[in-house]
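Residue numbers (UniProt numbering): 1 to 669.
For glycine and all other residues, C-beta sits at the position ideal for the given N, C-alpha and C.
Beneath this line is the structure, given in structure tokens, with notes to follow.
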């Protein structure tokens with residue numbers, strides 16, 4: 001077994017390891033067909049980590065290769081790659097989009113024809129840039145460019161300029177806006193003429209659209225419509241369909257007022273009108289999946305020979321497979337170091353224990369490292385129970401191996417877990433061995449428990465719906481860690497309110513608005529998300545829920561104040577995160593975790609606050625009640641925000657980019 005820790009990067013595959021070749025060849029032929037009519041849009045749909053970027057990179061590579069092999073090619077292809085997520089902080093994505101297009105054409109093409117295209121793009125970019133300057137001085141600008149495309153420049157995003165600068169810009173902006181439509185149509189006409197006359201085909205790849213904030217993603221889709229009347233342009237968009245559908249629903253949510261069962265703008269219809277060829281990425285073929293695993297484990301033959309076990313235990317998502325292999329190799333490295341230490345300690349004993357040595361050599365091997373890593377990676381709730389009760393592992397193992405007839409509990413076992421626990425040799429019924437395996441899982445937690453944590457930090461996890469008592473007293477508050485004081489005990493929800501909890505409220509209030517990602521006709525949450533936090537709920541909807549819960553439980557429930565929320569999250573010692581001062585992606589669902597969506601509220605037991613309150617960092621932002629003279633604010637960060645936003649002191653204002661991923665929890669006194 002290699003001692004080198006060679007981890008897998010998250011870079012796209014350079015060669016086809018996932019079985020995409022036939023799809024890529026078909027699209028390649030379509031794009032290169034000189035009789036194929038453009039403009040055209042291809043949607044590459046797939047979940048987070050399913051290989052969308054790899055698919056598009058391979059398609060781009062294939063197109064460039066054909067350009068070189070065919071002399072002359074039937075159609076000159078110019079690929080341009082745009083990653084909108086890189087420009088998510090830009091006020092308007094249309095400007096970096098046009099600049100990237102201009103740069104891509106300059107990089108990949110030479111000749112007079114391309115110069116004309118580049119010049120036209122430059123003109124359009126400059127003119128839209130001048131319109132963007134108009135919004136900077138407070139002009140609310142909405143440009144309707146033909147029947148499809150619309151660009152809206154919102155003054156609420158800008159910072160006010162000095163009075164004299166603002167006046168000058170207003171005068172200039174008024175002139176730009178007066179003739180912008182004619183300037184735009186003139187530039188687009190030039191662009192169309194240049195592409196048609198020279199026989200070019202510009203293929204624009206748009207990657208990571210679903211990583212953008214909802215309003216940014218829809219803004220770019222709207223901007224793309226500028227090109228939908230120009231022959232010679234093809235768009236290939238890689239996206240998680242559900243994420244963008246939710247974004248579109250959020251973007252057009254104001255049209256829903258007064259509508260009971262449907263929205264004025266259907267997310268599905270919106271995408272269907274934009275995308276002429278939807279391609280759902282297939283799951284990895286069984287044979288390809290094992291090949292992919294073995295490729296990831298190249299040079300690690302001791303692990304690679306158990307690729308069948310990994311294939312059974314881990315799902316089809318390529319990125320998840322990469323992340324699992326990294327966890328496995330890291331766990332294996334720690335386990336081998338522990339093995340060497342234990343053997344050395346045993347040999348140094350005056351009366352060395354041959355039984356102990358046999359146990360070490362028999363069970364500290366790759367097969368058991370893989371099984372243990374699968375439990376940690378995919379079945380964290382099972383690991384949590386094993387951590388508190390070693391016998392639970394043996395019970396599961398017996399159920400997996402005895403079958404339904406001999407052990408009825410086997411019927412309730414996850415199929416993948418059943419196959420993992422019935423593979424090869426059994427875990428030994430030796431607590432000493434299992435305790436050392438549990439120690440491996442806790443290594444990353446070493447030192448994470450901050451001194452001064454309140455009793456009960458590691459106590460048993462409460463049930464969803466239960467509340468946790470927060471005692472009165474002093475605590476450190478805010479970035480400056482000023483002394484705060486709450487003069488009463490109060491209770492706060494141990495977890496954010498879940499879809500399952502909110503469903504009971506919705507069933508009682510048939511006229512109440514449906515959360516953004518729910519089925520609006522059936523008025524139910526998405527399948528499988530019952531223990532995920534409810535999200536995209538407005539302040540008014542949250543207040544109604546609190547009133548309903550107060551009636552049901554006979555005691556007043558309300559939103560926590562900022563002080564109540566922060567004390568529950570960080571305890572008395574002013575820590576940065578609920579668990580301590582150092583960020584850990586294994587303790588919350590943030591952008592660094594790489595999950596790309598919400599998770600069950602009890603997913604991170606080690607991310608609890610000193611009082612045993614969970615999910616207060618990441619996953620979803622949470623509403624808090626306002627102070628007198630101040631507006632409402634959101635606390636806690638979310639799954640698409642980086643760790644800096646998940647600190648206990650960070651605040652976000654509603655009415656912007658975070659509304660879509662906002663949930664809540666209740667308090668009572």
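Rounded separation between residue i and residue j - CA only
{"i": "residue 366", "j": "residue 469", "result": "45 Å"}
{"i": "residue 47", "j": "residue 101", "result": "27 Å"}
{"i": "residue 617", "j": "residue 639", "result": "9 Å"}
{"i": "residue 42", "j": "residue 309", "result": "36 Å"}
{"i": "residue 569", "j": "residue 650", "result": "12 Å"}
{"i": "residue 664", "j": "residue 356", "result": "51 Å"}
{"i": "residue 362", "j": "residue 212", "result": "49 Å"}
{"i": "residue 268", "j": "residue 486", "result": "49 Å"}
{"i": "residue 141", "j": "residue 216", "result": "The pLDDT assigned to residue 141 is 44, lower than 50, so where the model puts this residue is not dependable; a value taken from the coordinates is nonetheless given after this. Taking the straight line from one Cα to the other gives about 17 Å."}
{"i": "residue 562", "j": "residue 648", "result": "10 Å"}
{"i": "residue 220", "j": "residue 281", "result": "23 Å"}
{"i": "residue 291", "j": "residue 19", "result": "10 Å"}
{"i": "residue 654", "j": "residue 542", "result": "13 Å"}
{"i": "residue 585", "j": "residue 30", "result": "43 Å"}
{"i": "residue 478", "j": "residue 567", "result": "10 Å"}
{"i": "residue 471", "j": "residue 490", "result": "7 Å"}
{"i": "residue 536", "j": "residue 273", "result": "25 Å"}
{"i": "residue 289", "j": "residue 103", "result": "37 Å"}
{"i": "residue 358", "j": "residue 463", "result": "42 Å"}
Exposed unless 16 or more other CB atoms sit within 10 angstroms - verdict on residue i
{"i": "residue 257", "result": "Because residue 257 carries a pLDDT of 44, less than 50, the predicted location of this residue cannot be relied on, and the following value inherits that uncertainty. Exposed, by the Cβ-count rule."}
{"i": "residue 152", "result": "Confidence is the limiting factor: at residue 152 the pLDDT is only 45, short of 50, which leaves the residue's position unreliable and the question unanswerable from this model."}
{"i": "residue 74", "result": "exposed"}
{"i": "residue 52", "result": "buried"}
{"i": "residue 581", "result": "exposed"}
{"i": "residue 259", "result": "At residue 259 the pLDDT is 45, less than 50, meaning the model places this residue with poor confidence; the figure from the coordinates comes in the next sentence. So residue 259 counts as exposed."}
{"i": "residue 488", "result": "exposed"}
{"i": "residue 32", "result": "buried"}
{"i": "residue 505", "result": "buried"}
{"i": "residue 231", "result": "exposed"}
{"i": "residue 325", "result": "buried"}
{"i": "residue 459", "result": "For residue 459, the pLDDT reaches just 44, beneath the cut-off of 50, and the residue's location in the model is therefore unreliable, although a value from the coordinates is still provided. Residue 459 is exposed by the Cβ-count criterion."}
{"i": "residue 432", "result": "exposed"}
{"i": "residue 587", "result": "buried"}
{"i": "residue 435", "result": "exposed"}
{"i": "residue 389", "result": "exposed"}
{"i": "residue 345", "result": "exposed"}
CA nearest to the CA of residue i, picked from the options
{"i": "residue 401", "options": "389, 514, 421, 392", "result": "421"}
{"i": "residue 322", "options": "506, 296, 339, 482", "result": "296"}
{"i": "residue 27", "options": "276, 306, 231", "result": "276"}
{"i": "residue 60", "options": "50, 221, 79", "result": "79"}
{"i": "residue 560", "options": "426, 360, 536, 467", "result": "467"}
{"i": "residue 37", "options": "84, 229, 83", "result": "229"}
{"i": "residue 314", "options": "210, 238, 392, 370", "result": "370"}
{"i": "residue 22", "options": "273, 58, 105, 293", "result": "58"}
{"i": "residue 430", "options": "391, 274, 209", "result": "391"}
{"i": "residue 368", "options": "424, 298, 380, 224", "result": "424"}
{"i": "residue 607", "options": "579, 596, 364", "result": "579"}
{"i": "residue 461", "options": "520, 493, 553, 637", "result": "493"}
Cβ pair residue i, residue j closer than 7 Å
{"i": "residue 583", "j": "residue 652", "result": "no"}
{"i": "residue 539", "j": "residue 660", "result": "no"}
{"i": "residue 233", "j": "residue 206", "result": "no"}
{"i": "residue 557", "j": "residue 666", "result": "yes"}
{"i": "residue 284", "j": "residue 316", "result": "yes"}
{"i": "residue 641", "j": "residue 622", "result": "no"}
{"i": "residue 624", "j": "residue 565", "result": "yes"}
{"i": "residue 484", "j": "residue 495", "result": "no"}
{"i": "residue 514", "j": "residue 523", "result": "yes"}
{"i": "residue 49", "j": "residue 378", "result": "no"}
{"i": "residue 76", "j": "residue 200", "result": "yes"}
{"i": "residue 334", "j": "residue 413", "result": "no"}
{"i": "residue 386", "j": "residue 393", "result": "yes"}
{"i": "residue 673", "j": "residue 302", "result": "Here the chain has residues from 1 to 669 only, and residue 673 is not among them."}
{"i": "residue 328", "j": "residue 373", "result": "yes"}
{"i": "residue 248", "j": "residue 270", "result": "yes"}
{"i": "residue 590", "j": "residue 646", "result": "yes"}
Cβ-Cβ separation, residue j to residue i (assumed contact under 8 Å), whole Å
{"i": "residue 669", "j": "residue 601", "result": "At roughly 23 Å, the Cβ-Cβ gap does not stay under 8 Å, so residue 669 and residue 601 are not in contact."}
{"i": "residue 577", "j": "residue 534", "result": "About 24 Å separates the two Cβ atoms, so there is no contact after all."}
{"i": "residue 427", "j": "residue 397", "result": "6 Å"}
{"i": "residue 241", "j": "residue 45", "result": "4 Å"}
Contact test: residue i Cβ vs the ligand FMN heavy atom, cutoff 6 Å
{"i": "residue 423", "result": "For the structure depicted, the ligand FMN is absent and the ligand set is empty, with no information on it obtainable."}
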